[in-house]
Each structure stands twice: as C-alpha cells, then as structure tokens.
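According to this note's numbering, the sequence shown is numbered sequentially starting from 11. Beta carbons are placed, not taken as given, at the ideal position from N, Cα and C, and that holds for glycine. As structure tokens, the structure follows; a few thoughts come after it.
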Amino acid sequence: MSPEVFAEGDIVGVLTTEPLDRVLDYRAPEGGCAVGAFVIVPLGPRRVLGVVWGPGQGDFDRTKLRQVAAVLDAAPMLPGMHDFLTRVADYTLTPLPAMLRLATRAPGLGAPPATRRVYRRGDAVPDRMTDARARVLAVLDEFGGLSFTLGELAAQAGVGTGVIKGLVAQGAVSEQEAPRDLPFPPLDPDLLGKALTPDQAVAADALRAGVRGQAYGATLLKGVTGSGKTEVYLEAVAETLRIGRQALVLLPEIALTGEFLTRVEERFGARAAEWHSGVTQTERRRVWKMVGEGGAQLVVGARSALFLPFRDLGLIVVDEEHDTSYKQEDGVLYNARDMAVLRAHVEAAQVVLASATPSLETWVNAEAGKYARLNLGARFGPAVMPQMDAIDMRTEDLPSGTWISPTLRAAVAQRMDKGEQALLFLNRRGYAPVTICRACGHQIGCETCDARMVEHRFLKRLMCHQCGATKPMPETCPSCGVTGRLAAVGPGVERLAEEAAAAFPQARLAVLSSDLFGSARALKEAIAEIATGGADIIIGTQLVAKGHNFPLLTLVGVIDADLGLQGSDLRAAERTFALMRQVAGRAGRAEAPGTALLQTFQPEHPVIRAILAGDEDAFWRAEAAERKAAGVPPFGRMAGIVLSSPDVQAVFDLGAAMARKDGPLRRIGAQVWGPAPAPIARIRGRHRVRLLVKADKAAPLQAALAEWAAQFRLPANLRLSIDIDPQSFY
Ligand code: ADP
Ligand code: ZN
Numbered sequence: 011m012s013p014e015v016f017a018e019g020d021i022v023g024v025l026t027t028e029p030l031d032r033v034l035d036y037r038a039p040e041g042g043c044a045v046g047a048f049v050i051v052p053l054g055p056r057r058v059l060g061v062v063w064g065p066g067q068g069d070f071d072r073t074k075l076r077q078v079a080a081v082l083d084a085a086p087m088l089p090g091m092h093d094f095l096t097r098v099a100d101y102t103l104t105p106l107p108a109m110l111r112l113a114t115r116a117p118g119l120g121a122p123p124a125t126r127r128v129y130r131r132g133d134a135v136p137d138r139m140t141d142a143r144a145r146v147l148a149v150l151d152e153f154g155g156l157s158f159t160l161g162e163l164a165a166q167a168g169v170g171t172g173v174i175k176g177l178v179a180q181g182a183v184s185e186q187e188a189p190r191d192l193p194f195p196p197l198d199p200d201l202l203g204k205a206l207t208p209d210q211a212v213a214a215d216a217l218r219a220g221v222r223g224q225a226y227g228a229t230l231l232k233g234v235t236g237s238g239k240t241e242v243y244l245e246a247v248a249e250t251l252r253i254g255r256q257a258l259v260l261l262p263e264i265a266l267t268g269e270f271l272t273r274v275e276e277r278f279g280a281r282a283a284e285w286h287s288g289v290t291q292t293e294r295r296r297v298w299k300m301v302g303e304g305g306a307q308l309v310v311g312a313r314s315a316l317f318l319p320f321r322d323l324g325l326i327v328v329d330e331e332h333d334t335s336y337k338q339e340d341g342v343l344y345n346a347r348d349m350a351v352l353r354a355h356v357e358a359a360q361v362v363l364a365s366a367t368p369s370l371e372t373w374v375n376a377e378a379g380k381y382a383r384l385n386l387g388a389r390f391g392p393a394v395m396p397q398m399d400a401i402d403m404r405t406e407d408l409p410s411g412t413w414i415s416p417t418l419r420a421a422v423a424q425r426m427d428k429g430e431q432a433l434l435f436l437n438r439r440g441y442a443p444v445t446i447c448r449a450c451g452h453q454i455g456c457e458t459c460d461a462r463m464v465e466h467r468f469l470k471r472l473m474c475h476q477c478g479a480t481k482p483m484p485e486t487c488p489s490c491g492v493t494g495r496l497a498a499v500g501p502g503v504e505r506l507a508e509e510a511a512a513a514f515p516q517a518r519l520a521v522l523s524s525d526l527f528g529s530a531r532a533l534k535e536a537i538a539e540i541a542t543g544g545a546d547i548i549i550g551t552q553l554v555a556k557g558h559n560f561p562l563l564t565l566v567g568v569i570d571a572d573l574g575l576q577g578s579d580l581r582a583a584e585r586t587f588a589l590m591r592q593v594a595g596r597a598g599r600a601e602a603p604g605t606a607l608l609q610t611f612q613p614e615h616p617v618i619r620a621i622l623a624g625d626e627d628a629f630w631r632a633e634a635a636e637r638k639a640a641g642v643p644p645f646g647r648m649a650g651i652v653l654s655s656p657d658v659q660a661v662f663d664l665g666a667a668m669a670r671k672d673g674p675l676r677r678i679g680a681q682v683w684g685p686a687p688a689p690i691a692r693i694r695g696r697h698r699v700r701l702l703v704k705a706d707k708a709a710p711l712q713a714a715l716a717e718w719a720a721q722f723r724l725p726a727n728l729r730l731s732i733d734i735d736p737q738s739f740y
C-alpha cells in the first residue's frame, strides 16, 4: 500500500507540538506531501514542528490558509505509530500535541540535513612515501571501503592531520561530504551465543517461535536474578534481527545500560543504539532518524524509547518489568510496561516482560492465560538463592543512634575475615530524614512543601526530597531561637556509613546513592570498581537492587525491612516483597553461597514472613485475593485526580464541586472518593487536593472522566492532572 499523498495546494491537517486542542489546516507545499510527513508550519509569527495527520477539515477560510513551510528529511510517521500515539493519548487522557512532543524528542529534526567530511582511499599514488603516509594508507586499506573522520583517521594511524591533508592534495586520499547521521553498524545474530541450559533452551525456543510468528504475543519471563533471563531474551532479539525486524530492550536504570551494551556487543559483534537522558543530543537525533529509516536494528533504552518511530518493530523486552521507574510521574503520565504491551499489539510484535518478582498486574495476566509464562528455574551455575533470615530487632541490644544490630555486625565481621563483600541496604538517601530541635520539638520543614528537610552531610545542607530546595544547616532553631540543640533523627545511608566506618575501621566503604554521583558515568565507574573488589562494605539505597553484578558479595543486611510497609499505599506490600527479594538476590551470585538478613520489628508480619519463606506464588495469591476483595487494580480500575494551586480555597472548592457533579462517573458505576488533602499536601508552594475514582474493570473509565472533567472551568493557576492506574499515592 503506497502512502496517501497530497498534491500541492491540497488542504492537509497538521498536528503540531504546540498545546492547541485541534489539528490545524494548511495547504500542502510545492511538490506535495505524504500522510505522516514531518513538517515545519508557520503558526502566528513562529515556525513549529508538526506531522501531516490526514486530510484537512476545510472549515477554515481557504484564502487565509497558510502553506506548509518545509517537509523534513525524515522518514514519515507510519500508520502504526499514528495509531499508537492516538491510543496512548486516549488511554492516558493526554492531548495529542503532548504525545507528539514525546515522540519527537530529538533535537534539530527541523535542521537541514547535516553532513560531515569523511576520508577514504583515493586512486592516486603519492609522489613521495613517508612512514606517516604509509600508516595512513595502511589503515584505509585495512578497513576496506570504510570512511573515517579526519580525527578518527589521524588517531588510528597515529599521525597529525596535516599528513592526511597532504595525501588529499595528492589524490591518494579522497575527501567527501557524507550525511552526519550514519546507520548503526549491522548486528550479527548468528555469532555463537552461550550454550543454554535445558530450561533456558526451552524458554528461548518458545520466544523465537513467537518472534517468527510476526503476530502479537505477550510473555512473562520469570526467573531469579542470575537465572539467565537476559541470555534467553537475547536469543529472541537474535531471531528478530534474523527475520529483518527491529528490537527494543527497555531497562529501568541508566546505570545498567553500560554493562548491558557490552553484553550485546559480545553477543552480536557490534554496539546497539542507545536512548536515554545520558545520550548526547546529536546521538539522540541519529538514533531517532535511523530507527525510522531502518538503520538501527536494536535500541536499548529508557521508557521513552517506546515512542521512537520504529519502521518495523518485532520485539519489545521490558526488563525488570515490575520496576516503578517505568511509570512516568510527570508530563504524560504513562506506564511504559503497559504501553509496551499496547505498542506490541499495534505493531503485531512480541513483548517479553522479564522479572524475578513480576508486578501483580503481570502475574494476574499470566495466571489468566492472557500472557504466556516461561519460568527459569535455578540460577545459572553453582550459585543459589541466598538463605534469608530475619533479625528480630525487639530482642537486639542497640545503643540509640545506631542501626546495625549486634547480630548483623557479627555477620559482617565474619565476611570480612573471609575477604568477601557485605552490602548494607537502606532505602533512604542523605544523612538523616529528620532534624529536630531538642529544646522545642520543632522539625525543620521545607518552606514550600509539606515535607521535612533531609540532612545531607555530604552536601553540608538540608534538602527537600519533593522540590529539591536546599538550605544550610542552621545553628539556631528557626522556631524557638535556641542555639545548639538541633539533632539528627533516624538514619540515611550517609549516617549508616558513619556507623559502619566506626564499627569496622579497617574496612573500605563504598556508598551507592543516586545523589552522590554527578553523572551516570561516575556511577557506572563506581559500580565497576566495587564489582572487582574495590570495597569491603557497600552501603546502598535501592540503586543497588537493580541488576548490578557483584560477584564477591555474599551478605546482604537490610537495615529496615519494615520501611516500605508503612503508609497506606496500595502497592506497599508488593513493592517491599519485590525490593527485599531483589536486594537479597545481590548476594551469592558466584561460587560462594549468600545470606540475606532482614532487620525487622515485626517478624510476624505476613509480608515479612512471605519474603522469608520464599513462597512467591503464595504471596501473590494472597495479595491478589485481597485486591480482588477490595475491587482495586488489577481487578478494578482507578484514576487519581490531583488539583493543585497556590490558592488553598480554590483547590478545595473545585474538589468539592467535582465530587458533587459526578453524574458522568455514576452513570458507569464508578465511585468518587475525596476531595482530601493529598498525602503531600503542598509541593513547591502549591496546595494539593486529590480525588480517587474507582470503577469496574470493564467500565469505560476514560470517556467518563473526560466528560466529568469537561464540566468544570479551571480558575487561573489551578492545575488538574488525571493519572490513570496511579502507581504512587502522593
Ligand atoms: P538474569 O538476567 O536472569 O539476571 P543473566 O542472563 O544476566 O541472568 O545471567 C547471569 C549470569 O550468568 C551472566 O553472567 C550470564 O552470562 C551467565 N549465564 C547465564 N546463562 C548462561 C549459560 N547458559 N552459559 C553461560 N553463562 C550463562
Ligand atoms: Zn520542598
């Protein structure tokens, strides 16, 4: 089917990235344009990016219609992408322009095709041969027809750039202009992968067959950390490449991509395209364009890679599919895991959800047979899942202001004697979560948020984890004016490190917390260094739970296993269960067996008991039964509505009005709860009120929400955001 093409002067509808509520009419430019073409159009005095969405509506005065200013040098958007963006917009109640912005997040798409100078072997023979000249020609001969930039060639040959320029003048090297956005080197799916164990081979066969079917299919690939999930899904990637389709692997954490890309390179002989916030702007544009032109076979990226313009996507892998970072919490509120399943539908592709501890949603879908399920049994090689035990903190004798129990301390000492590593896990950044005045009891809070300031000794400041505001640590209590009585309460990783240093003065400590590293690269380097034995004790936040490989690590001590169970979050139990198992999974990956010790004040708590028992299916069954009884996700549907404004009265007034005029929701049998102050009632000076909507699984929730919200006029400066399937409740 050839794409629909508009002739010059035809009226076309252009969706722009500007926040307008409709597609605008324009006249097609000289030479016409195709549906899906990326274009620049005039809008008022400006020129903005857009895409030809379809025929124009023609309801606008024809004589005033402006013409499309330019058609960009980029592959037109395909019908599948058009469909996907429309469906995500409908599902998340996001305006289409915001979707288009998400799908065009590469700089300079509007710039003229960029070129750069490249150098290849020329025909002529130089008049005089020197050592340096010979080296240049040898490099060019060795790499066949490949071309180099001036800098690359000079570096390869170990000569100055003048030598190359001299050869150009003689015609022995040719200088040409080439497009700057070059295709990625081809990946070879037929290089030998690892010899798979029998259950790995069964799983890989199933995934390969799915890929060959070229139809939609979803699979939960479940196995403990180290069981070879990555090895297995790389075989599905290989099959995808073999049949000439593209593959996308989503990872939850940028710091993981380095290690992963190296593995991909070993498996396929070349590097995959990379897409996340740490990638340079020019490289982003290259990836975006090459994905659309088919010059990138495999993309490894963060959640937004899902909105790249793949030409023929055959496989999406969502690694660590339970990870909460797949939920985008500002701007377009989408869950990349769910949208990956949707995109796979649209593209007739396979989606693989890989995890040791799947989300309850995914587990339920697998139980119901909507997703296929592949289990990888034991860990690869001699490593086994660590022994898990609780340390009952009610019976431990702990001086105040310390958090490492004598039992845990003895266990750490034992590992150190054997030259093994120990990890102390505490999911709290900074030095202390609370700073209190011992004279008046005042707790230092953020000026613009309803949150306490967290002390960061490393930065020598207090910081608000909601808005990022910082201030110096005061000497004097801002409430009662007494000096010298401010005290830190509770531990963060920095304080825990202090305690560990005092307890183990001879140990080399490493603290892994996202705020302690200036860049993803610095973090990657630290992780690599630790993995090769650069530290005896690792102190870390949840950053360490995500798939890093520490082969020398044999003990994991969880400082506060109860932490995640506090609060009323729907997913508190699920998250604690997953996090504890993930963290424990860091121990004993190599030959030495591992142990995980959980410090808890409530060893009888059902979640703690389930973690220790290691009976995952029992945990999921119990959790599913509870959610089913309560009619909450994944058995019912929810939407979170947050109203925010500097004017506290305005948010409560609108919230109350919304609760009253709930006709559109009642008609579909949905219920509204609230308005109530949001758990964090003020962020950045904006008061926050929330409503919760609960509906049956089959109810047409989005349409009802849209109709409901459309009844209200928002006062200036009041923001309304609707979060479908909310993940966090703040
Ligand atoms: P997961 O993704 O489940 O955590 P990985 O695929 O990363 O597991 O495997 C863990 C480690 O074991 C990796 O270093 C991997 O290369 C190795 N491994 C897994 N399966 C095999 C195999 N069949 N042969 C050789 N090494 C393997
Ligand atoms: Zn704040």
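Check                                                                                                                        : Outcome
Own chain partners of Glu185 with C-beta closer than 8 Å, once the 5 adjacent residues on each side are dropped              : Arg127, Val128, Tyr129 and Val178
Met11 to Val356 span [Cα, whole Å]                                                                                           : Its pLDDT being 38, under 50, Met11 is placed unreliably by the model, and the measurement read from it follows with that caveat. Cα-Cα distance, rounded: 17 Å.
For Pro644, the three-state DSSP class (helix, strand or coil)                                                               : coil
DSSP state of His750 mapped onto helix, strand, coil                                                                         : Only positions 11 to 740 of the chain appear in this structure, which leaves residue 750 out of reach.
Close-in-space but distant-in-sequence residues of the same chain around Ala421 (CB under 8 Å, 5 per side omitted)           : Ala432, Leu565, Gly567, Thr605 and Leu607
Beta-carbon contacts of Leu352 that lie in its chain and below 8 Å, excluding the five residues immediately before and after : Phe94, Arg97, Val98 and Tyr101
Delimiting residues of the alpha helix (DSSP H) encompassing Ile547                                                          : That residue, Ile547, is in no alpha helix (DSSP H); its beta strand (DSSP E) goes Ile547 to Gly550.
Bridge-paired residues (DSSP) for Leu519                                                                                     : Ile547
Boundaries (first-last residue) of the beta strand (DSSP E) holding Gly744                                                   : The chain is shown from 11 up to 740; residue 744 falls before or after that span and cannot be answered.
Three-way DSSP call (helix, strand, coil) for Ser12 in this model                                                            : Model confidence at Ser12 stands at a pLDDT of 42, short of 50, so the residue's coordinates are unreliable; what they give is reported in the following sentence. Three-state result, Ser12: coil.
Beta-carbon proximity list for Ala688, same chain, < 7 Å, skipping 5 on both sides                                           : Val652, Arg698, Val699, Arg700 and Tyr740
Ordered list of beta strand (DSSP E) runs contained in the region 616–696, each at least 3 residues                          : 646–655 and 681–693
Trp630 and Leu370 closer than 8 Å at C-beta                                                                                  : yes
Close Cβ partners of Ala753 (< 6 Å) along its chain, the five nearest in sequence each way excluded                          : Outside the displayed span of the chain (11 to 740) sits residue 753, for which this structure offers no information.
Lys204 versus Glu241 - alpha carbon distance                                                                                 : 8 Å
Cβ-heavy atom distance, Gly268 to the ligand ADP, below 7 Å                                                                  : no
Through-space distance from Val342 to Gly741, alpha-carbon basis                                                             : A query on residue 741 cannot be resolved here, the shown segment of the chain reaching from 11 to 740 and no further.
Of the residues Leu75, Val58 and Asp69, the one placed nearest Ala38, counting alpha carbons only                            : Leu75
Endpoints, beta strand (DSSP E) assigned at Pro561                                                                           : That residue, Pro561, is in no beta strand (DSSP E); it is neither H nor E in DSSP.
Residue from Leu266, Tyr226 and Ala142 with nearest C-alpha to Glu535                                                        : Leu266
Residue(s) in a DSSP beta bridge with Met109                                                                                 : According to DSSP, Met109 bridges with nothing at all.
Distance, Val169 Cα to Arg596 Cα                                                                                             : 47 Å
Close Cβ partners of Arg222 (< 7 Å) along its chain, the five nearest in sequence each way excluded                          : Glu249 and Ile253
Span separating the alpha-carbon of Met349 from that of Ala312                                                               : 13 Å
Secondary structure of Ile264, DSSP reduced to three states                                                                  : helix
Under the three-state DSSP convention, the category Arg462 falls into                                                        : strand
Collapsed DSSP secondary structure at Asn437 in the structure displayed                                                      : coil
Exposure label - Asn727; buried when at least 16 CB within 10 Å                                                              : exposed
The ligand ADP heavy atom lying under 7 Å from the CB of Gln592                                                              : no
Start-end ranges of the alpha helix (DSSP H) lying completely within the region 357–417, minimum 4 residues                  : 370–377
Three CB pairs or more closer than 8 Å across the region 326–341 and the region 79–87                                        : no
Contact between the region 255–264 and the region 312–324 (3+ Cβ pairs under 8 Å)                                            : yes
Buried or exposed by the 16-neighbour rule on C-beta atoms within 10 Å, applied to Glu245                                    : buried
Segment contact flag, the region 573–588 with the region 544–551, C-beta cutoff 8 Å, min 3 pairs                             : no
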